[in-house]
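Enquirer: Residue numbers (my numbering), protein chains in the order written: chain C, 352 to 904; chain V, 809 to 1007.
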Amino acid sequence: MRRRTVRYPTQSEVDFVIVGSGAAGGVLAKELAAAGFQIVVLEQGPYRKHSEFRHDELESWYTAEILGSSRDHPQTFRRTEQQEARLREGGLPPLLFARCVGGSTVLFTGNYWRFHEIDFNERSRLGPIAGTGFADWPITYAELEPYYTRVEWEIGVSGAPGPFDPPRSRPYPLPPLPVKSSGVLLEQGARRLGWKPFPAPMAILSQPYRGRPACIHCGFCMLYGCEAGAKSSTLATMIPRAEATGRCEVRAECTAYRIETDARGRARRVLYWDADGREQAQRARAVILAANGAETPRLLLLSESSLFPQGLANSSGKVGKYLMFNGQAYAYGLFEHPLNEYKSVQVTRVLHDFYDADPARGFYGGGGIDARFTYGPAMFALFGLPLDSPQWGPEFKRNLREYYTRTVEINAHTTSLPLESNSISLDPNVKDRWGRPAIRVTYKDHPDDIATMRFLQDRGRELLEAAGARRIWTVPVSESLGGAHLLGTCRMGDDPRESVVDRYHRAHDVPNLFICDGSSFVTSGRGQPTMTIQALAFRAAKHIAAFAARGEI
Amino acid sequence: MEQRSVTRREFAAASASALGRAWLLIHLPAAEAAAAWARVAAREGRGLQVLTAAEARTLAAVAELILPADDTPGARDLGVIHFIDRALGSFAASMLDTIRAGIADLEAAAREAGAPAEGFAALPAERQRALLTDIESSDFFFLARTLTLLGAFADPAYGGNRGGAGWRLIGFENRGAYEPPFGHYDRVHTATPSGGGGA
């Protein structure tokens, strides 16, 4: 049951319009509403209830309703700027993000490690990398630490400190989730290799917390909404609290298509299509974009005007540039006894032994490793067996029966170097259902990114061997097909010529426009960016509220 | 047809992960069509809606070769053909031409191989396997396998996986909620005195 919330007329000026209700938008809405401001949140997707979420593999993976159909929301893809971007003939779009209240936090796995200190100052530590936009962040881990802590306590993160963790000011609010067989095997294998495994920090409740129930271990996390409400999405946490202030209105199925500025170049209105497809315009004192690393730059580019001919907030030309996905590499193992990895949360133990870059390897990069299983029964039947095993017939069937409960996947999450040539831009030919230019993705992994994936895939093999796998297999590392981590496309920095927002997420070019989501990242971290997106959002909210209170917006 | 081949090649080359492979799998159906189709599947009986009886006979034989019955149920026992028939009438409609053409080609090959009037389905299993092996890399086979396995292991509400028997076959309990221990290794771990620490 939805609580009744405030409704603002579009023609009256609210304090903030926030575009996007996901990881960052949800936090900003709650924090600013709680600070006394009037907020309108525009979310292009529907407002789902937890009771609507089902364990329907076909729906989640193959009809991918929440991810958006390729007909309504086409995306084109190319490797390099010299190529013509194309629509894919089949399958999921290159960029995976959820269109619903709560955004991709509704569908995510919930891996919630903090970035390490080096993620913010690696350029100074290692020196430049030619041909890349490798740079320090304008903020440090120490500056962000209080906000990481706020994320953990506000939304509910389960975990225990690990041997490589950066300093923390407060323990986790909840103990780790129960270890799975994959976690036990990772731990055993890693110890034999002299590595230091630790419990995975997860944005899933191990115990009841702030009125929400603990995880029921159903096993349907990645690409599924949590029907228990135990996954700490913004749908389950920030959004209801924002609405409960009585000052935040969430408008679902409202697609922002333009930010209008006045003659002085200040953001004045956000134009959007409402649930009935009608054009609307919401006036606001300030605008916050938190629409994700793809939709945010697209909206800025679509908001070009005579004052902002390259797109809004884009005097630097960096809007949409430096897209980073995080690389991934996999190794698979078959064990003697059933693990039943389809049960419970996806990840219970992780490794950060190879997190730091090591110049001795001859390439830049690092990553985290976990043990998991991402298959429902249909997915496993289609893709789960080693490629050299029969793919149909009696032996195929016997293998399905043996492997389904006994397989584990070692998954590495790696750095992606910021390259100016990897980008989100407007497709010159393909239009979406509204007639807007489609998102065009240009992406080619840096050779060091590929080398890092290979390096960690080899560590995955070693780990499986040490854990006693009966059979180990891998699929060759390949260039990224797309990503769910949409990072870097409105990067943060002190120099307005080289970045889109300043260290407080204010657009260099537009004083009352703030941008806070994955697009703010300067470097990619080693996967699992949502925790950091939310820490940035808590920090941004504090500064934005202070600016507003001092009349500095 | 040609575009589908490109997809399949891309699929074979870019299969680094489950996600990567799912990524390139099939045409995204319209969400509303899929929902309508699920309702139809729930409401209707077992009658064919898209395929002719002869086409269904051939395709059911192909599905049975992909997932054969042994001491456990196969594609036929799981009602896979009903899933496929409904899929081809809704979310997989774009595959129908390829499937139809593939069935026709397979029947032509069966006639050449001296099949009786009932065609491919009436051939001895050994002969059927040989003919299917010949076309293992065709678009038709790719789609037939995809639909067969979706039909065997997707939610029974979609018309296949009869009574959840596909799930039982591979050890998926479908209880919707579980308690630890979940598997052998965490059971052993938590049972030993040194285990269990750190939750």
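Beta carbons: idealized from backbone N, C-alpha and C, even for Gly.
Within 10 Å of its beta-carbon, does C/L333 have 16 or more other beta-carbons around it, so buried, or fewer, so exposed?
Expert: Past the edges of chain C, shown from 352 to 904, lies residue 333 of chain C, and the structure says nothing about it.
Enquirer: Does any residue of chain C bring its CB to less than 8 angstroms from the CB of V/L836?
Expert: For the purposes of this step, residue 836 of chain V is identified with residue 28 of the second sequence, where counting begins at 1. Residue placement at V/L836 is poorly supported in this model, since its pLDDT is 37, which falls under 50; the coordinates still yield a value, given next. At least one chain C Cβ lies under 8 angstroms of V/L836.
Enquirer: To the nearest angstrom, report how far apart C/E403 and C/S584 are at their CA atoms.
Expert: Along the first sequence, one-based indexing puts residue 403 of chain C at 52. Along the first sequence, one-based indexing puts residue 584 of chain C at 233. Cα to Cα, the separation comes out at about 15 angstroms.
Enquirer: Should V/D885 be listed as close to the ligand MG, given that the test is whether its C-beta is under 7 angstroms from any heavy atom?
Expert: As presented, the structure is devoid of all ligands, the ligand MG included, so that no description of it is given.
Enquirer: Here's a check: name, in chain order, each residue in its chain whose Cβ is nearer than 8 angstroms to the Cβ of C/M843, leaving out the five neighbours to either side.
Expert: Reading the first sequence from its first residue, position 492 is the one you call residue 843 of chain C. W488, P489, I490, S850, V851, V852, D853, R854, H856, S871, F872, V873.
Enquirer: With C-beta atoms as the reference, is C/L409 less than 8 angstroms away from C/L447?
Expert: Sequence index remark: in the first sequence, residue 409 of chain C carries index 58 (1-based). Sequence index remark: in the first sequence, residue 447 of chain C carries index 96 (1-based). No, they are not a contact pair.
Enquirer: How far does the beta strand (DSSP E) with C/Y754 in it reach, from first residue to last?
Expert: Against the first sequence, residue 754 of chain C aligns to sequence position 403. Taken as a continuous stretch (DSSP letters only), C/Y754 belongs to no beta strand (DSSP E), being part of the alpha helix (DSSP H) at 745-754.
Enquirer: Distance check for C/T725 and C/R757, CA to CA, integer angstroms please.
Expert: Along the first sequence, one-based indexing puts residue 757 of chain C at 406. Along the first sequence, one-based indexing puts residue 725 of chain C at 374. Rounded to whole angstroms, C/R757 to C/T725 spans 13 angstroms at the Cα level.
Enquirer: So V/R953 contacts chain C; which residues on that side make the cut at Cβ distance below 9 angstroms?
Expert: Within the second sequence, numbered from 1, the residue matching residue 953 of chain V stands at position 145. Residues of chain C passing the Cβ test: L733, Q742, W743.
Enquirer: For C/G839, name the three-state secondary structure that DSSP assigns.
Expert: The residue given as residue 839 of chain C occupies position 488 in the first sequence. DSSP places C/G839 in coil when its eight states are reduced to three.
Enquirer: When you check each C-beta in the region 850-878 of chain V against every C-beta of chain C, which residues fall closer than 8 angstroms?
Expert: The region 850-878 of chain V vs chain C, Cβ under 8 angstroms: L873, I874, L875, P876, D878.
Enquirer: CA-CA distance, C/C572 and V/A917?
Expert: On the first sequence, residue 572 of chain C is found 221 positions in, with the first residue counted as 1. On the second sequence, residue 917 of chain V is found 109 positions in, with the first residue counted as 1. When rounded, the distance between both Cα atoms is 46 angstroms.
Enquirer: Under 8 angstroms by Cβ, that's how I've got V/I943 and V/L914 pegged, so tell me the actual separation to the nearest angstrom.
Expert: Residue numbering aside, residue 943 of chain V sits at position 135 when the second sequence is read from its first letter. Residue numbering aside, residue 914 of chain V sits at position 106 when the second sequence is read from its first letter. V/I943 to V/L914, Cβ: 7 angstroms. Contact.
Enquirer: DSSP on V/A838, reduced to helix/strand/coil?
Expert: Numbered from its first residue, the second sequence carries residue 838 of chain V at position 30. Note that V/A838 has pLDDT 38, beneath the 50 cutoff, so the model's placement of it is unreliable and no number is given.
Enquirer: Roughly how many whole angstroms lie between the Cα atoms of C/P908 and C/W824?
Expert: Only positions 352 to 904 of chain C appear in the structure, and residue 908 of chain C is not among them; the question remains open.
Enquirer: Does the contact criterion of 3 or more C-beta pairs under 8 angstroms hold for the region 528-535 of chain C versus the region 688-702 of chain C?
Expert: Cβ pair count under 8 angstroms is three or more, so yes.
Enquirer: Could you give the distance in angstroms between the alpha-carbon of C/G373 and the alpha-carbon of C/T766?
Expert: Start at 1 with the first residue of the first sequence, and residue 373 of chain C comes out as number 22. Start at 1 with the first residue of the first sequence, and residue 766 of chain C comes out as number 415. Looking at the two C-alpha atoms, the distance is approximately 23 angstroms.
Enquirer: Are the Cβ atoms of V/I911 and V/L940 separated by less than 8 angstroms?
Expert: Here residue 911 of chain V is taken as the residue at index 103 of the second sequence, counted from 1. Here residue 940 of chain V is taken as the residue at index 132 of the second sequence, counted from 1. Taking 8 angstroms as the Cβ cut-off, V/I911 and V/L940 do not qualify as a contacting pair.
Enquirer: For C/H467, does the three-state DSSP call read helix, strand or coil?
Expert: Counting from 1 along the first sequence, the entry for residue 467 of chain C is found at position 116. The answer is coil: DSSP assigns C/H467 none of H, G, I, E or B.
Enquirer: Tell me which residues of the region 674-697 of chain C have at least one Cβ-Cβ distance to chain V shorter than 9 angstroms, keeping chain order.
Expert: From the region 674-697 of chain C, only Q679, A680, Y681, F686, E687, H688, P689, L690, N691, E692, Y693, K694, S695 have a Cβ closer than 9 angstroms to chain V.
Enquirer: So C/G834 and C/N677 are in contact, right, with Cβ under 8 angstroms, and what is the actual spacing, rounded?
Expert: For the purposes of this step, residue 834 of chain C is taken as residue 483 along the first sequence, with counting starting at 1. For the purposes of this step, residue 677 of chain C is taken as residue 326 along the first sequence, with counting starting at 1. Contact holds; Cβ gap of about 7 angstroms.
Enquirer: Is the distance from the Cβ of C/G792 to the Cβ of C/L438 below 8 angstroms?
Expert: Your numbering for residue 792 of chain C matches position 441 in the first sequence. Your numbering for residue 438 of chain C matches position 87 in the first sequence. Sequence check: residue 792 of chain C is Val here, not Gly. No.
Enquirer: Bridge partners for C/C577 per DSSP, in chain order?
Expert: Within the first sequence, the letter at position 226 stands for residue 577 of chain C. Paired residue(s): none; C/C577 is not in a bridge.
Enquirer: Would you please verify whether the beta carbon of C/Y608 is less than 8 angstroms from any beta carbon of chain V?
Expert: Translated into positions along the first sequence, residue 608 of chain C becomes position 257. False, the Cβ-Cβ gap to chain V never drops below 8 angstroms.
Enquirer: List the residues that DSSP assigns as beta-bridge partners of C/M675.
Expert: Locating residue 675 of chain C in the first sequence gives position 324, counting from the first residue. DSSP, once it has assigned bridges, lists C/L838 as partnering C/M675.
Enquirer: Residues of the region 751-767 of chain C in Cβ contact with chain V at a cutoff of 7 angstroms, in chain order, please.
Expert: Here the close residues are L751, R752, Y755, T756.
Enquirer: Kindly indicate if chain V contains any beta-carbon less than 8 angstroms away from that of C/D908.
Expert: As shown, chain C starts at 352 and ends at 904. That puts residue 908 of chain C outside it, with no answer to give.
Enquirer: So that I know if they touch, is there some Cβ in chain C lying closer than 8 angstroms to that of V/R829?
Expert: Here residue 829 of chain V is taken as the residue at index 21 of the second sequence, counted from 1. Low confidence applies to V/R829: its pLDDT is 44, below 50, so where it sits in the model is not reliable enough to give any reading.
Enquirer: Name, going along the chain, the residues of the region 972-988 of chain V whose beta-carbon falls closer than 9 angstroms to a beta-carbon of chain C.
Expert: Under the 9 angstroms Cβ criterion, the region 972-988 of chain V contributes G974, W975, L977, I978, G979, F980, E981, N982, R983, G984, A985, Y986, E987, P988.
Enquirer: Just tell me which of V/F891, V/W975, V/N982, V/V858 has its CA closest to the CA of V/D905.
Expert: As a first step, residue 905 of chain V is located in the second sequence; it is residue number 97 there, counting from the start. Ranking V/F891, V/W975, V/N982, V/V858 by Cα distance to V/D905 puts V/V858 first.
Enquirer: Quick one: complete beta strand (DSSP E) runs, 3+ long, within the region 628-716 of chain C?
Expert: 630-640, 678-685, 700-702, all fully within the region 628-716 of chain C.
Enquirer: Taking only beta-carbon positions, decide if V/G991 is within less than 8 angstroms of chain C.
Expert: Taking the first residue of the second sequence as 1, we reach residue 991 of chain V at position 183. Judged by the 8 angstroms Cβ criterion, V/G991 is in contact with chain C.
Enquirer: Who pairs with C/C572 in a beta bridge, going by DSSP?
Expert: In the first sequence, the residue the question calls residue 572 of chain C occupies position 221. Answer is none; C/C572 lacks a bridge partner.
Enquirer: Within its chain, find whatever has a CB closer than 6 angstroms to the CB of C/T840; leave out the 5 residues flanking it on each side and keep chain order.
Expert: As a working note, residue 840 of chain C is residue 489 in the first sequence. Once the five neighbours on either side are set aside, the close Cβ partners of C/T840 are G644, P648, G671, L674, I775, S870.
Enquirer: According to DSSP, simplified to helix, strand and coil, what is C/K381?
Expert: As a position in the first sequence, residue 381 of chain C is number 30, starting the count at 1. C/K381 falls in the helix class under three-state DSSP.
Enquirer: Let me check one thing: in DSSP terms, what residues is C/P788 bridge-paired to?
Expert: Numbered from 1 along the first sequence, position 437 holds the residue referred to as residue 788 of chain C. Note: C/P788 sits in a beta bridge opposite C/K782.
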